[in-house]
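If you count by my numbering, then the sequence shown holds residues 1 to 616, one letter each, in order.
Even for Gly, the Cβ is constructed at its ideal location relative to N, Cα and C.
Please read these numbers as outputs of a predicted model, since none were measured by experiment.
Below is one structure, written out as structure tokens, with a few remarks after it.
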Amino acid sequence: MLRGYQQDASDAAVEWVRRSIEPCLIEAVTAAGKSHVIADFAARIHAMTGKRILCLAPSAELVTQDREKFLATGNPASMFSASAGAKCLRHPVVFGSPLTVKNRISRFQDGYAAVVLDEAHGITPTVRSIIEAMRVGNPNLRVVGLTATPYRLGDGYIFREWPEGKVNGDDTARDPYFAKCVYRITGPDLIEQGFLTPPVIGETGAEHYDTSGLALNSRGQFDADAVDRAYHGHGRKTAAIVADVVARSRDRMGVMLFAATVRHAEEVLASLPPDMSAMITGETPAADRKSIIARFKDRRIKYLVNVAVLTTGFDAPHVDVIAILRKTESVGLLQQIIGRGLRLHPEKKDCLILDFAGNVETHCPDGDLFAPAVKAGKGGGDSNGMKCICPDCGAENIFTAKPDTLEFKTDEAGYCLDLTGAQVMTEWGPMPAHFGRRCWGQVPVGGGRLERCGYRWTSKPCPECEAPNDIAARYCAECKAEIVDPNEKLKADFKAMKRDPHQIQTDEVVSVRFVNGVSQRGHETVRAEWITPYRHLTTWHIPKATFAKGVRDWDKFNAATQGGTTPPRSITYRKNTDGFFTIFGYNAEPDHEPESPALPGVRQPVISRQMSHGKR
Numbered sequence: 001m002l003r004g005y006q007q008d009a010s011d012a013a014v015e016w017v018r019r020s021i022e023p024c025l026i027e028a029v030t031a032a033g034k035s036h037v038i039a040d041f042a043a044r045i046h047a048m049t050g051k052r053i054l055c056l057a058p059s060a061e062l063v064t065q066d067r068e069k070f071l072a073t074g075n076p077a078s079m080f081s082a083s084a085g086a087k088c089l090r091h092p093v094v095f096g097s098p099l100t101v102k103n104r105i106s107r108f109q110d111g112y113a114a115v116v117l118d119e120a121h122g123i124t125p126t127v128r129s130i131i132e133a134m135r136v137g138n139p140n141l142r143v144v145g146l147t148a149t150p151y152r153l154g155d156g157y158i159f160r161e162w163p164e165g166k167v168n169g170d171d172t173a174r175d176p177y178f179a180k181c182v183y184r185i186t187g188p189d190l191i192e193q194g195f196l197t198p199p200v201i202g203e204t205g206a207e208h209y210d211t212s213g214l215a216l217n218s219r220g221q222f223d224a225d226a227v228d229r230a231y232h233g234h235g236r237k238t239a240a241i242v243a244d245v246v247a248r249s250r251d252r253m254g255v256m257l258f259a260a261t262v263r264h265a266e267e268v269l270a271s272l273p274p275d276m277s278a279m280i281t282g283e284t285p286a287a288d289r290k291s292i293i294a295r296f297k298d299r300r301i302k303y304l305v306n307v308a309v310l311t312t313g314f315d316a317p318h319v320d321v322i323a324i325l326r327k328t329e330s331v332g333l334l335q336q337i338i339g340r341g342l343r344l345h346p347e348k349k350d351c352l353i354l355d356f357a358g359n360v361e362t363h364c365p366d367g368d369l370f371a372p373a374v375k376a377g378k379g380g381g382d383s384n385g386m387k388c389i390c391p392d393c394g395a396e397n398i399f400t401a402k403p404d405t406l407e408f409k410t411d412e413a414g415y416c417l418d419l420t421g422a423q424v425m426t427e428w429g430p431m432p433a434h435f436g437r438r439c440w441g442q443v444p445v446g447g448g449r450l451e452r453c454g455y456r457w458t459s460k461p462c463p464e465c466e467a468p469n470d471i472a473a474r475y476c477a478e479c480k481a482e483i484v485d486p487n488e489k490l491k492a493d494f495k496a497m498k499r500d501p502h503q504i505q506t507d508e509v510v511s512v513r514f515v516n517g518v519s520q521r522g523h524e525t526v527r528a529e530w531i532t533p534y535r536h537l538t539t540w541h542i543p544k545a546t547f548a549k550g551v552r553d554w555d556k557f558n559a560a561t562q563g564g565t566t567p568p569r570s571i572t573y574r575k576n577t578d579g580f581f582t583i584f585g586y587n588a589e590p591d592h593e594p595e596s597p598a599l600p601g602v603r604q605p606v607i608s609r610q611m612s613h614g615k616r
């Protein structure tokens, strides 16, 4: 028997897939019972269509858990997960692991009505490739995702439209996969209904880690060396923080401590009561991990230290203290960590959150753990939103404006206008003033069904059928032909060249070490140990060479390095069949990887002439 909100969530998803082929999402806070919603939805869609359903989860534990909940409905289900020890497709509903399914994708390309994604915030390239492959034979395949944290680091929300109709702009949702969040099960609602343990932010002692040196890089991640410096080697501070955790959890049942690195976790464990504590990392053998988790759940140990392995899908209801001893890059990770302590337990009245790294202040500035500040990375431009009315369906879209077009006047559709009020034209058509691609409006297609509007501000044509496709598409949506972008081909050629040392190429010199010596024949030598962005190589040079090639080699080397004292800006080289490197010259323009393909209205990238090195 489903709870009321679980039934409502399943109903909302069923109603959506009846009307639209666009992916939809259910947001369900940790401990809301997503597995029950998955089971109900899968059973109903199979009954409605007579077709098979594929349910994907990122770990063997979640695959097994979701299948068990489905079996509890009285219906059979198969499991297709190598890590869970089963590869069966006997029943119409299949629970599987993405990698196992991808490796046998030919067995999933016929007869499936829908794909259900647990922990849908992890919509990885593997999951996307599975869905694309399944859609080749079934363009009407439905996709439904469920997650407690519907946002990704750098990308913001993973859905465009909220249940009430509000639309995310590019400042909060950059290129989201799901068209709409059709239902939300929030933490405050479940706390009020008595289905969730309330979190309490606890006061911490004076000791905190100094995370001021941690800055996000271009990938939205902390530098590994900076992380190690921030947390490792502060024995006294770690001991004081751990002592604070122990003191504040004296009357508590289960404590989970989240460390930054393995070395940091080892320091934390060393300060905990040894007979009541254990540690799990990615390096912990499977058998040991299983044993530790079992002892923790049985309350034979009280303190469990972990590093990035127990943030999702881990169910230990007695946990009533969460000690966060690391800075988290993403608000999603913070939510998942806190979620480990929100499940109900008869002896638990709340869950104490001890934050020693300022995560709550960073990600939840209002102090509400269930209302985090979610922003998307700026991507290609400023984060100012531009309203654009679709010329086809009239839907209002909000896209990120291009900084180099802000001086233009624009029409209501978001196209640049010249001084006469006419649209600025390029070889691709009118020039948009924003980074938007396709309209997010939903249009009726008959029978009460909805589909996403097909209007595109930016597109690339299929070379086979000339149908418009998304600029990032690899296969045509109409004829399924492969769409090969010339720039991507150049990038692939460039990477192949750099992987092959036997091609002549020019690299920037990162560093070089010159070592004076004497050869076996008694000649004075200079050994040069080069480091480039792509490889390490060593060359030998003879200052007083008497043979012509040696003289020419030394003259070039001497002129470029001032006798082996100054590094040149670049080297042009090739590895010979005998395994030695030959230097052809110095200080030429290094090879550059081609830039990303240009969007309409943006200048085409200039490809370095050095790309021809591989064909000299």
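Which residues mark the beginning and the end of the beta strand (DSSP E) in which residue i is found?
| i | result |
| --- | --- |
| Lys575 | 570 to 575 |
| Arg449 | 449 to 452 |
| Thr147 | 142 to 147 |
| Glu396 | 396 to 400 |
| Glu161 | 159 to 161 |
| Gly585 | 581 to 586 |
If residue i sits next to residue j, beta carbons under 8 angstroms apart, how far is it from one beta carbon to the other, in whole angstroms?
| i | j | result |
| --- | --- | --- |
| Thr410 | Ala433 | 5 angstroms |
| Arg574 | Thr561 | Not a contact, Cβ separation roughly 19 angstroms. |
| Cys388 | Phe399 | 6 angstroms |
| Val307 | Thr328 | With a Cβ gap of about 13 angstroms, Val307 and Thr328 do not count as contacting. |
| Ala239 | Ser271 | 5 angstroms |
| Leu419 | Val182 | Leu419 to Val182, Cβ: 46 angstroms. No contact. |
| Phe370 | Thr186 | 6 angstroms |
| Lys617 | Met253 | With the chain represented from 1 up to 616, any question about residue 617 goes unanswered, as that position is not in the structure. |
Considering residue i, what are the terminal residues of the alpha helix (DSSP H) in which it resides?
| i | result |
| --- | --- |
| Asn558 | 548 to 561 |
| Lys297 | 286 to 297 |
| Pro188 | 187 to 193 |
| Asp320 | From DSSP, Asp320 is part of no alpha helix (DSSP H) but of the beta strand (DSSP E) over 319 to 324. |
| Pro444 | From DSSP, Pro444 is part of no alpha helix (DSSP H) but of the beta strand (DSSP E) over 442 to 446. |
| Tyr5 | 4 to 19 |
Taking its Cβ as the centre, do 16 or more other Cβ atoms sit within 10 Å of residue i, making it buried, or is it exposed?
| i | result |
| --- | --- |
| Pro76 | exposed |
| Asp355 | buried |
| Arg90 | exposed |
| Met48 | exposed |
| Ser330 | buried |
| Pro273 | exposed |
| Asp27 | Strictly speaking, residue 27 in this sequence is Glu, with Asp absent from that position. Looking at its Cβ environment, which holds 16 or more other Cβ atoms inside 10 Å, Glu27 is buried. |
| Leu344 | exposed |
| Asn103 | exposed |
| Cys88 | exposed |
| Gly421 | exposed |
| Cys439 | buried |
| Cys465 | exposed |
| Gln193 | exposed |
What does DSSP give as the partner residue(s) for residue i in the beta ladder?
| i | result |
| --- | --- |
| Cys465 | Partner(s): none; Cys465 has no beta bridge. |
| Ile45 | According to DSSP, Ile45 bridges with nothing at all. |
| Leu54 | Val94, Val115 |
| Val63 | Bridge partners of Val63: none, in fact. |
| Ser81 | Ala86 |
| Asp507 | Ile571 |
| Trp530 | Val512, Leu537 |
| Leu25 | Gly145, Cys181 |
| Tyr277 | Checking the displayed sequence, the identity of residue 277 turns out to be Ser instead of Tyr. Answer by DSSP bridge pairing, in chain order: Tyr303. |
| Leu196 | The partner list for Leu196 (beta bridge, DSSP) is empty, contrary to what the question assumes. |
| Ala173 | Gly156 |
What does a CB cutoff of less than 8 angstroms around residue i pick up in its chain, not counting 5 residues either side in sequence?
| i | result |
| --- | --- |
| Asp350 | Thr197, Pro198, Pro199, Val200, Asp320 |
| Ser97 | Leu56, Ala57, Pro58, Ser59, Ala60, Val63, Phe80, Ser81, Ala82, Ser83, Ala84 |
| Ile571 | Thr506, Asp507, Val509, Trp530, Thr532, Ile583, Gly585, Tyr586 |
| Arg340 | Thr30, Met256, Leu310, Thr311, Phe314, Ala316, Val319, Ile322 |
| Asn168 | Gly156, Tyr157, Phe159, Arg160, Glu161, Trp162, Pro176, Ile398 |
So, at 7 angstroms on beta carbons, what are the nonlocal neighbours of residue i in its own chain, with the 5 sequence-adjacent residues on each side left out?
| i | result |
| --- | --- |
| Arg19 | Gly448, Arg449, Leu450 |
| Arg142 | Val17, Ile21, Ala113, Ala114 |
| Asn576 | Thr582 |
| Pro568 | Val509, Ala560, Thr561, Tyr586, Asn587 |
| Arg618 | Look at the range of the chain in this structure, 1 to 616, and you will see that residue 618 is not part of it. |
Near residue i, which residues of its chain fall below 6 angstroms by C-beta distance, leaving aside the five closest residues on each side in sequence?
| i | result |
| --- | --- |
| Met279 | Ala265, Leu269, Val305 |
| Leu117 | Leu56, Gly145 |
| Phe296 | Leu304 |
| Trp540 | Thr525, Arg527 |
| Arg513 | Glu529 |
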